[in-house]
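893 is the number of the first residue of the sequence shown in the working numbering; add one for each residue after it.
We treat Cβ as the ideally placed atom computed from N, Cα and C, and that holds for glycine.
Input: a single structure, listed below in structure tokens.
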Amino acid sequence: MMSMIIFYCIAAVVLISSLLAVTLKNLFHSALFLALSLVGVAGIYLFLGAEFLAAIQVLIYVGAIVTLIIFVIMLTARISDTSIRQTNEQKFISFIVAFSIFILLSSIILKGGMTYRGITAHVKVSDIGRELITTYGLPFEVISVVLLVALIGAIVL
């Protein structure tokens, strides 16, 4: 019973912070709520027993990506200027798409298509590393090249 309460609290934090991340007009506050949402996802990973994924979630997304986003926001000139448009004209279509995805996922869950079967095997970090180097070596290197190109593009800009 206590574990379900903890899970629902973490899920509520993720949902509320995700909504605030996309609805607030202040970009800095949105980035902070994005970080809180990603930390909540790491908490769900911990709750499910995937400690490695939780650590990677915090290190890569919260530690690197959100920090980079916050630096970009802080270094951008005139970020709080009143002449910058902070609204989106596509609210209606985005609501329709989001509601459609919600209905689709709800119907799949209610029909019993998604059931939790539990963790069947304990995966070690060395197994994940071995798979990254052997089976998924090429996609791993392609991602590193894409990140390098993005870094060079950011430096040029």
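Just to confirm, is the Cβ distance from residue i to residue j under 8 Å?
| i | j | result |
| --- | --- | --- |
| A934 | F925 | no |
| V958 | A923 | yes |
| F899 | F939 | yes |
| F843 | L1024 | Residue 843 cannot be examined here, being either before or after the span of the chain that is shown, 893 to 1049. |
Rounded to whole angstroms, what's the CA-CA distance from residue i to residue j? Just pull it up for me.
| i | j | result |
| --- | --- | --- |
| L967 | V1041 | 21 Å |
| A942 | I1020 | 12 Å |
| R1022 | I988 | 43 Å |
| I995 | L1002 | 10 Å |
| K1016 | T1026 | 16 Å |
Thinking C-alpha only, which one of the options is nearest residue i?
| i | options | result |
| --- | --- | --- |
| F920 | S910, L907, S999, I962 | I962 |
| L951 | V931, K1003, I936, I965 | V931 |
| V906 | Y937, M893, H1014 | Y937 |
| I965 | N918, A946, K983 | N918 |
Since residue i is in the alpha helix (DSSP H), which residue starts that stretch and which ends it?
| i | result |
| --- | --- |
| T915 | 894-915 |
| A1042 | 1029-1048 |
Just confirm the distance between the C-beta atoms of residue i and residue j, as a whole number of angstroms; I'd bet it's less than 8 Å.
| i | j | result |
| --- | --- | --- |
| S895 | S909 | Not a contact, Cβ separation roughly 21 Å. |
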